[in-house]
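Each remark here refers to the structure printed beneath this line.
Numbering (the working numbering), first residue to last: 1 to 353.
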């Protein structure tokens with residue numbers, strides 16, 4: 001009964017002072033029981049989301065001073081605590097939120113174990129109970145990025161969609177396995193898409209590599225991951241924040257927490273791109289390939305034998321274009337361009353005090 005109280009308190013903490021929270025539900029409590037021992041949950045209650053040095057944390061936990069470093073390292077290895085060490089400085093630690101955080105950390109390595117088998121159905125149930133609505137609250141935290149070669153006019157690539165340029169400026173790149181497809185496969189509902197295509201950059205990428213959740217890659221390898229994802233018909237989704245790129249997911253409509261929550265629960269969990277697919281009927285041969293590849297059912301063959309796009313459903317991903325042999329379909333810029341929000345605007349819309 002005491003532990004149950006600890007987990008309920010921890011659930012409340014995880015739903016505040018974050019961009020993506022953790023609304024209370026029965027499934028969440030069960031998730032936390034898998035991820036945290038009673039002792040770890042008690043420590044997590046007093047861990048900040050902002051970085052604190054080990055010395056400062058020992059002052060918060062004087063009764064655990066001698067064992068604290070080992071406990072924090074164990075939690076970091078399990079993926080509930082973030083840690084980094086800058087050259088010449090003491091290690092810092094912070095509690096990880098749900099996303100990017102403990103919703104993904106057990107699955108990034110691509111390894112199935114007892115914990116992931118317990119967590120997979122719980123996360124899928126939690127999505128229905130409360131987490132789907134949390135993802136859709138306020139401004140979506142992620143956005144769709146178009147496949148650059150799908151644009152009919154390459155000069156129309158907007159600055160915030162220049163992914164290749166952003167990758168070239170990124171100091172550390174890593175690739176992990178897709179948590180969403182891992183969850184679905186471990187509940188017997190997975191697809192055949194590849195899984196090692198979840199890109200993470202910067203200090204988070206370094207944390208993941210250090211703890212066996214990802215592997216370091218080069219810029220060339222990162223571009224190969226994106227090109228392979230294009231071939232598979234996966235949707236590029238990244239942080240919905242101007243000037244910030246920490247993650248690029250390569251998503252399928254059947255497994256992705258963002259795409260499937262929208263299709264199954266009708267919740268707007270992501271921002272669409274500023275493009276829409278357009279068909280040139282003079283070139284269209286009515287093969288239906290674009291209809292098959294569209295992840296959101298926005299394309300259909302009309303009575304005239306040509307493909308037709310519903311602009312209200314189109315998310316502007318460009319998945320439809322690369323396999324069009326006649327080059328009849330591609331992306332054009334929408335009339336009204338909405339740039340990603342600034343960090344301040346996103347925090348104001350999503351931050352939970």
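Backbone N, C-alpha and C fix where the C-beta goes; we use that ideal spot for every residue, glycine too.
What you are looking at is a predicted structure, and each value in this text was computed from that prediction instead of being measured.
Residue 335 holds the alpha-carbon nearest to the alpha-carbon of residue 277 among 335, 246, 70. Counted as a single uninterrupted DSSP element, the beta strand (DSSP E) harbouring residue 217 occupies residues 215-217.
In the structure shown, the three-state DSSP call for residue 77 is helix. Taking a C-beta distance under 8 Å as the contact criterion, residue 337 and residue 313 do not qualify as a contact pair. Secondary structure note for residue 37: it is in no beta strand (DSSP E), with a DSSP letter that is neither H nor E. If you ignore the 5 residues before and after residue 206, its C-beta comes within less than 6 Å of the C-beta of 172, all in its own chain and listed in chain order.
Of the candidates 233, 112, 219, 112 places its Cα closest to the Cα of residue 213.
Here residue 260 is near residue 254, since their CB atoms are less than 8 Å apart. Between residue 242 and residue 193, the CB-CB gap reaches or exceeds 8 Å.
Assignment of residue 174 by DSSP, reduced to helix, strand and coil, places it in the strand class.
For the pair residue 44 and residue 252, the Cα-to-Cα distance works out to about 33 Å. Residue 93 places its beta carbon 8 Å or farther from that of residue 31. As for any beta strand (DSSP E) of minimum length 3 sitting wholly inside the segment 210-293, the runs are 215-217, 235-239, 247-251, 275-279, ordered along the chain.
In the pairwise beta carbon analysis, the segment 128-138 is classified as not touching the segment 180-198: fewer than three pairs are separated by under 8 Å. Per DSSP, the unbroken beta strand (DSSP E) holding residue 199 starts and ends at 198-201. With a 10 Å radius around the Cβ and a threshold of 16 neighbouring Cβ atoms, residue 218 comes out exposed. Taking a C-beta distance under 8 Å as the contact criterion, residue 237 and residue 290 do not qualify as a contact pair. Cβ contact annotation for residue 11 (same chain, cutoff 7 Å, sequence separation greater than five): 22, 24, 28, 29, 32, in chain order. In terms of Cα proximity to residue 90, the closest of 157, 301, 55, 35 is 55. Contact annotation: residue 81 and residue 68 have beta-carbon atoms that are not nearer than 8 Å.
Cα atoms of residue 49 and residue 13: separation of roughly 10 Å, rounded to the nearest angstrom. For residue 143, the enclosing beta strand (DSSP E) has its first and last residue at 142-145. With 16 or more other Cβ atoms inside 10 Å of its own Cβ, residue 186 counts as buried.
Shortest Cα-Cα distance from residue 86 to any of 65, 51, 78 involves 51. For residue 186, no beta strand (DSSP E) run applies, since DSSP gives it neither H nor E.
Remark: C-beta atoms of residue 146 and residue 331 approach each other more closely than 8 Å. When C-beta atoms of the segment 314-326 are compared with those of the segment 262-282, three or more pairs fall below 8 Å, so the two segments count as touching.
For residue 163, the enclosing alpha helix (DSSP H) covers residues 163-168. Minimum Cα-Cα distance from residue 189 among the listed residues 333, 120, 37 corresponds to 120.
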